[in-house]
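Student: Okay, here's the structure, questions in a sec.
Residue numbers (my numbering): 833 to 1071.
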């Protein structure tokens, strides 16, 4: 995906008035679809979990497992700004960002704080999906892998899945949403629009675009099919 060289209009009074900006593909289509699909899936998981609709809770759980596995793989082979290597920051980078000394790359993909939020959410959601596979409420719902692990593990996984894990995920999701609103309303940084259309206007020459062509999208399709197949196989082990 090549960047447009059309100059962007600057707001009057901007510190960078007169500077040239270009449209850069930051989020490739697979990353955008993953983001919104996971958002919907997590919402459905919470609704079915609190509502006690366990059959659908399991189905959305398998869907989330497929998406999370895809994101792990795509974090290694995806577009430039979707790769984990693009938002692994040293502690000094985080400190500098908090002091207002942001590197130009921080304004393109994930900021150091945003990166921490992404990693925390991915780790906790993977933990929730994993513990759900071996959880058992001893009434009507048990994960497909419960019979393969010791009872002590099932007990610990069940306690985490329906207790601390669930509430920590809710807290992190809430913080994530509030942070996005803060950046949009207070700092006037567009975060939602690039995740919808994929492109972001940045200073000319500041960063390269993410690859987002037919070949990369086909590769993403192959990856999600494989991940979905693995999740379906896991689901088939449920008694």
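In this text, a Cβ means the ideal position worked out from N, Cα and C, and glycines have one as well.
1. Relative to the alpha-carbon of residue 980, which residue among 897, 1045, 967, 877 has its alpha-carbon at the smallest distance?
2. Where do the ends of the beta strand (DSSP E) carrying residue 856 lie?
3. Within 8 Å, do at least three Cβ pairs link the segment 910 to 925 to the segment 862 to 875?
4. Check for me: the alpha helix (DSSP H) holding residue 1047 runs from which residue to which?
5. Assign residue 920 to buried or exposed, taking buried as 16 or more other Cβ atoms, counted over all protein chains shown, within 10 Å of its Cβ.
6. Check for me: the alpha helix (DSSP H) holding residue 998 runs from which residue to which?
7. Determine the burial state of residue 1026: buried for a count of at least 16 other Cβ atoms within 10 Å of its Cβ, exposed for fewer.
8. Within the same chain, show all residues whose beta-carbon is closer than 6 Å to that of residue 986, passing over the 5 residues directly before and after it, in chain order.
9. Within 10 angstroms of the Cβ of residue 1045, are there 16 or more other Cβ atoms? Answer buried if so, exposed if not.
10. Looking at the strands, I want to know which residues DSSP matches up with residue 984.
11. How big is the Cα-Cα spacing for residue 954 and residue 937?
12. Report, in whole angstroms, the separation of the C-beta atoms of residue 1048 and residue 858, which I expect to be a contact under 8 Å.
13. Are at least three pairs of beta-carbons, each pair with one atom in the segment 935 to 951 and one in the segment 891 to 900, less than 8 Å apart?
14. Under a three-way DSSP split, which group does residue 1031 fall into?
15. If you run the structure through DSSP and keep just helix, strand and coil, what is residue 835?
16. Please classify residue 946 as buried or exposed, where buried requires at least 16 other C-beta atoms within 10 Å of its C-beta.
17. Three-state secondary structure (DSSP) at residue 1071?
Tutor: In terms of the structure at hand:
1. What you label residue 980 is simply residue 148 of the chain shown in a count that begins at 1. Of 897, 1045, 967, 877, the residue nearest in Cα terms is 967.
2. Counted from its first residue, the chain shown places residue 856 at position 24. Its beta strand (DSSP E) spans residues 853 to 857.
3. Judged by Cβ distances under 8 Å, the segment 862 to 875 makes contact with the segment 910 to 925, as three or more pairs qualify.
4. Position 215 of the chain shown, counted from the first residue, corresponds to residue 1047. Where residue 1047 is concerned, the enclosing alpha helix (DSSP H) stretches over 1046 to 1068.
5. As a first step, residue 920 is located in the chain shown; it is residue number 88 there, counting from the start. By the 16-neighbour rule on beta-carbons within 10 angstroms, residue 920 is exposed.
6. Counting from 1 along the chain shown, the entry for residue 998 is found at position 166. First-last of the alpha helix (DSSP H) with residue 998: 996 to 1017.
7. Translated into the one-based positions of the chain shown, residue 1026 becomes position 194. Here residue 1026 is buried, its C-beta having at least 16 other C-beta atoms within 10 Å.
8. As a first step, residue 986 is located in the chain shown; it is residue number 154 there, counting from the start. Taken in chain order, the residues that qualify are 966, 968, 978.
9. Mapped onto the chain shown, residue 1045 falls at position 213. When all chains shown are included, residue 1045 counts as exposed.
10. Within the chain shown, numbered from 1, the residue matching residue 984 stands at position 152. Answer is none; residue 984 lacks a bridge partner.
11. One-based indexing of the chain shown puts residue 954 at position 122. One-based indexing of the chain shown puts residue 937 at position 105. Their Cα atoms are separated by approximately 22 Å.
12. For this step, residue 1048 is matched to residue 216 along the chain shown. For this step, residue 858 is matched to residue 26 along the chain shown. That belief does not hold up - the Cβ atoms of residue 1048 and residue 858 are roughly 14 Å apart, past 8 Å.
13. Cβ pair count under 8 Å is below three, so no.
14. The residue you call residue 1031 lines up with position 199 of the chain shown. Strand.
15. Position 3 of the chain shown, counted from the first residue, corresponds to residue 835. With a pLDDT of 38 at residue 835, under the threshold of 50, the modelled position of that residue is not reliable, and no figure is offered here.
16. The sequence position of residue 946 within the chain shown is 114, counting from 1. With 16 or more other Cβ atoms inside 10 Å of its own Cβ, residue 946 counts as buried.
17. Position 239 of the chain shown holds residue 1071. Residue 1071: coil per DSSP, three-state reduction.
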